[in-house]
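What follows is one structure encoded as structure tokens, with my remarks underneath.
In my numbering, the protein residues as written are -9 to 321.
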């Protein structure tokens, strides 16, 4: 059996590390999981060294699979919402590794969507997910966190195929007068208003700031979790911001279903939504998802599900690592 690989899910705020060990059943066992704040380290290699020390890793892995919240291009990781930028060759040299593989963070979540058990999902709406089958099935995977991730998953053709995208940076398309008012307010802050400026942790705060201004109120300095907490405590503007967030998310997810041909389903993930699963299911999300005019019949037939597993990124990275380890098993 091969030595374990280092795996990591690196977001704009936190980096989660673990060791992945290939198993005979074609899966990878994750152990020694630990989470660190990205801001506490100058770069990826320094964070990995801190993880080794924290987890007591004495047999240093010879390979790593990293998921990064940003583009991975020409062997360079460039985090969108953090200052870390490094080449895979440099990371391998500093950590004395034979191979470092990097994928987009939502590419990892999409891989997780293909392997997680049914208990890791909550259905949003009344449309059942398709039964397991050998034919091709296309899913869109998206979700807000520090930013907004988007990926495409295709199953039924052998190994799952995942296409990473930067779909969170497409333009925001307001659908109601209130959303147009929000867009006009935010245009003072952003020369170009991407959908991530609304569908993310900072985006939820942006919506609250806009609604406060539209109601001639000064917006307090809130964090995303403050907005959700106050919404549940009865604050009218925070409740309105959260409801608008759900509606915009539903509209965007429905657009993804149309753009990608994701008839098998749209899967939601990210750090914000799992604690809000029940509220999201009761919101206007699904109504906005289905409201596509001439193509409403199309979106009405598309299932929507939320991943509630606490570490989907690591699960997806582990799935990729398992394939690498199996291909390099000397036995």
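Just so it is clear, CB atoms sit at the ideal spot from N, CA and C, and this is done for glycine as well. Fair warning: this is a prediction, and the values are worked out from it, not measured in the lab.
Residue nearest to residue i in terms of C-alpha spacing, selected from the options
| i | options | result |
| --- | --- | --- |
| residue 277 | -6, 167, 244 | 244 |
| residue 292 | 261, 248, 265 | 248 |
| residue 308 | 10, 4, 3 | 10 |
| residue 201 | 187, 186, 171 | 171 |
| residue 67 | 85, 53, 90, 51 | 90 |
| residue 61 | 97, 34, 211 | 97 |
| residue 184 | 159, 239, 48 | 159 |
| residue 163 | 153, 151, 154, 177 | 177 |
| residue 107 | 314, 306, 312 | 306 |
| residue 82 | 65, 41, 69 | 65 |
| residue 287 | 117, 207, 74, 214 | 117 |
| residue 147 | 135, 165, 153, 125 | 125 |
| residue 73 | 32, 40, 112 | 32 |
| residue 50 | 192, 84, 224 | 84 |
| residue 157 | 242, 275, 304, 191 | 242 |
| residue 226 | 211, 113, 207 | 207 |
| residue 30 | 20, 229, 21, 41 | 41 |
| residue 233 | 149, 275, 304 | 275 |
| residue 55 | 75, 267, 0, 180 | 0 |
| residue 266 | 153, 114, 211, 120 | 114 |
| residue 119 | 252, 179, 282 | 252 |
| residue 304 | 284, -7, 105 | 105 |
| residue 283 | 173, 180, 231, 165 | 165 |
| residue 86 | 46, 182, 39 | 39 |
CB of residue i within 7 Å of CB of residue j, strictly
| i | j | result |
| --- | --- | --- |
| residue 101 | residue 310 | yes |
| residue 127 | residue 145 | yes |
| residue 44 | residue 24 | yes |
| residue -2 | residue 7 | yes |
| residue 280 | residue 290 | yes |
| residue 324 | residue 2 | Because the chain is modelled from -9 through 321, residue 324 falls outside the range shown and cannot be assessed. |
| residue 188 | residue 197 | yes |
| residue 99 | residue 302 | yes |
| residue 88 | residue 35 | no |
| residue 26 | residue 37 | yes |
| residue 273 | residue 236 | yes |
| residue 217 | residue 194 | yes |
| residue 256 | residue 246 | yes |
| residue 59 | residue 28 | no |
| residue 299 | residue 110 | yes |
| residue 155 | residue 140 | yes |
| residue 142 | residue 250 | yes |
| residue 330 | residue 209 | Examination of residue 330 is not possible in this model, given that the chain is present from -9 through 321 alone. |
| residue 221 | residue 229 | yes |
Delimiting residues of the alpha helix (DSSP H) encompassing residue i
| i | result |
| --- | --- |
| residue 195 | 191 to 204 |
| residue 166 | Segment: none, residue 166 is in no alpha helix (DSSP H) and carries neither H nor E. |
| residue 277 | 275 to 280 |
| residue -4 | Careful: residue -4 lies outside any alpha helix (DSSP H), inside the beta strand (DSSP E) at -5 to 0. |
| residue 80 | 78 to 84 |
| residue 262 | It is not in any alpha helix (DSSP H) - residue 262 carries neither H nor E in the DSSP assignment. |
| residue 239 | 226 to 250 |
| residue 288 | 286 to 290 |
| residue 217 | 214 to 222 |
| residue 270 | 267 to 271 |
Whole-number beta carbon distance between residue j and residue i, since they are thought to touch under 8 Å
| i | j | result |
| --- | --- | --- |
| residue 103 | residue 297 | 7 Å |
| residue 254 | residue 129 | 5 Å |
| residue 186 | residue 137 | 5 Å |
| residue 69 | residue 92 | With a Cβ gap of about 11 Å, residue 69 and residue 92 do not count as contacting. |
| residue 135 | residue 191 | 7 Å |
Where the beta strand (DSSP E) containing residue i begins and where it ends
| i | result |
| --- | --- |
| residue 3 | Unbroken run through residue 3: none, as it is neither H nor E. |
| residue 257 | 255 to 258 |
| residue 66 | 66 to 68 |
| residue 295 | 294 to 297 |
Q: Pick out the complete alpha helix (DSSP H) segments inside the region 88 to 159, 4 residues or longer, and give them in chain order.
A: 95 to 105
Q. Which residue spans inside the region 18 to 61 form an unbroken beta strand (DSSP E) run of at least 3?
A. 18 to 27, 53 to 58
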